[in-house]
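Chemist: My questions all concern the structure below.
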Amino acid sequence: MKLPEAYYLSSDVVAIARDLLGKYLFTCIDGVTTGGYIVDTEAYNGIIDKASHSYGNRITPRTKTMFEQGGITYVYLCYGIHEMFNIVTSVAGQPHAILIRAIVPTDGLDVIMHRRNMDTLKHHITRGPGSVAKALGISRKINACSLQSDTIWVEDRGLHFDAAEVAAGPRIGVDYAGDDALLPYRFYLRGNAFVSKPNK
DNA sequence: TCGTCGATCTACT
DNA sequence: GTAGATCGACGAG
Numbered sequence: 145m146k147l148p149e150a151y152y153l154s155s156d157v158v159a160i161a162r163d164l165l166g167k168y169l170f171t172c173i174d175g176v177t178t179g180g181y182i183v184d185t186e187a188y189n190g191i192i193d194k195a196s197h198s199y200g201n202r203i204t205p206r207t208k209t210m211f212e213q214g215g216i217t218y219v220y221l222c223y224g225i226h227e228m229f230n231i232v233t234s235v236a237g238q239p240h241a242i243l244i245r246a247i248v249p250t251d252g253l254d255v256i257m258h259r260r261n262m263d264t265l266k267h268h269i270t271r272g273p274g275s276v277a278k279a280l281g282i283s284r285k286i287n288a289c290s291l292q293s294d295t296i297w298v299e300d301r302g303l304h305f306d307a308a309e310v311a312a313g314p315r316i317g318v319d320y321a322g323d324d325a326l327l328p329y330r331f332y333l334r335g336n337a338f339v340s341k342p343n344k
């Protein structure tokens with residue numbers, strides 16, 4: 145059921161970002177399992193991508209996780225507040241990553257609502273990368289964690305969307321990246337209520 | 001060492 | 001619609 149390590153080793157990070165739509169992401173934190181299926185992703189294409197932290201081969205204590213072999217997590221803090229969850233792909237030395245922007249929650253809904261301080265399931269509960277991480281209990285403690293572990297993993301449950309349901313567009317919040325901000329590296333389900341920002 | 005800015009979200013007006 | 005939260009990385013000095 146878990147996607148095998150080989151799935152993450154491809155050098156085509158954009159293709160993996162597209163393929164991850166409909167895959168199920170789970171975490172098991174403190175013995176509680178929560179998860180759902182992915183409906184919004186963004187690809188970050190290594191050292192030539194101005195929007196990526198690893199642009200220009202920049203290696204810091206924060207970004208070194210991205211330079212490891214694919215199939216692990218990359219979790220970092222943004223705006224001092226939000227934890228962002230990424231999946232690292234490709235081989236060691238090639239810092240590709242995929243940001244998970246939104247999921248449709250399916251498992252552990254009561255725990256997810258509690259983590260998000262909500263008493264009903266509103267659509268924005270897992271909309272946006274900061275919200276996804278918080279809903280699933282993801283923090284920097286599970287940075288560089290293997291996706292073959294029993295803490296966090298991705299499953300294929302046979303859910304599939306055809307081309308008409310999937311949209312591609314420019315990534316969100318990367319205006320500083322110049323031309324690279326225009327690349328169609330974001331993939332999402334057209335019109336899905338859990339998808340953030342423009343979702344048409 | 002300091003100041004600026006970021007792969008953002010929420011609460012309030 | 002927009003201000004505020006709040007910390008790590010980076011460039012200037």
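Just so we're aligned: the first sequence equals residues 145 to 344 in this note's numbering.
For glycine and all other residues, C-beta sits at the position ideal for the given N, C-alpha and C.
Small disclaimer: the values here were computed from a predicted structure and weren't measured.
Measuring only the C-alpha atoms, how far is ARG330 from LYS167?
Modeler: 16 Å
Chemist: Counting only runs of 3+ residues fully inside the segment 243-304, write out the beta strand (DSSP E) ranges in chain order.
Modeler: 296-299
Chemist: For the beta strand (DSSP E) containing ASP310, list its first residue and its last residue.
Modeler: The question names Asp, but residue 310 in the sequence shown is Val. Start and end: 310-313.
Chemist: CB-CB under 6 Å to SER290, same chain, minus the five flanking residues each way: which ones, in chain order?
Modeler: ILE216
Chemist: Thinking just about the alpha-carbon of each residue, which of GLU309, VAL248 and ILE296 is nearest to the one in LEU147?
Modeler: ILE296
Chemist: In the structure shown, what three-state DSSP assignment does PHE338 receive?
Modeler: coil
Chemist: Who are the Cβ neighbours of GLY214 in its own chain at under 6 Å, not counting the five residues just before and after it?
Modeler: TYR152, LEU153, VAL232, THR233 and SER234
Chemist: If ALA187 and ALA161 are in contact, beta carbons under 8 Å, what's the gap, nearest whole angstrom?
Modeler: 4 Å
Chemist: With a floor of 3 residues, list each beta strand (DSSP E) that falls wholly inside the segment 161-187, ordered by position along the chain.
Modeler: 168-173
Chemist: Let's see if you can read the secondary structure: which residues bound the beta strand (DSSP E) around ILE231?
Modeler: 226-233
Chemist: Per the DSSP calculation, VAL219 is bridged to which residue(s)?
Modeler: Answer is PHE229, bridged to VAL219.
Chemist: Can you confirm whether the segment 315-334 touches the segment 254-262 when touching is taken to mean that 3 or more C-beta pairs between the two stretches lie within less than 8 Å?
Modeler: no
Chemist: Which two residues bound the contiguous beta strand (DSSP E) that contains ARG330?
Modeler: 330-333
Chemist: May I ask you to report which of helix, strand or coil DSSP gives ALA159?
Modeler: It is helical.
Chemist: How close, in whole Å, do the beta carbons of VAL339 and ALA246 come, if the pair is a contact with beta carbons under 8 Å?
Modeler: In this structure VAL339 is in contact with ALA246, their Cβ atoms being roughly 5 Å apart against a cut-off of 8 Å.
Chemist: Is the beta carbon of VAL183 sitting closer than 9 Å to the one on LEU333?
Modeler: yes
Chemist: Whose CA, out of SER293, VAL298, ASN287 and ASP263, lies closest to the CA of ARG206?
Modeler: ASN287
Chemist: Bridge partners of ALA241, per DSSP?
Modeler: BP columns for ALA241 point to TYR188 and VAL232.
Chemist: In or out: ASN201 buried (at least 16 other Cβ within 10 Å) or exposed?
Modeler: Residue environment for ASN201: exposed (fewer than 16 other C-beta atoms within 10 angstroms of its C-beta).
Chemist: Taking DSSP as the reference, what is the three-state secondary structure of LYS146?
Modeler: strand
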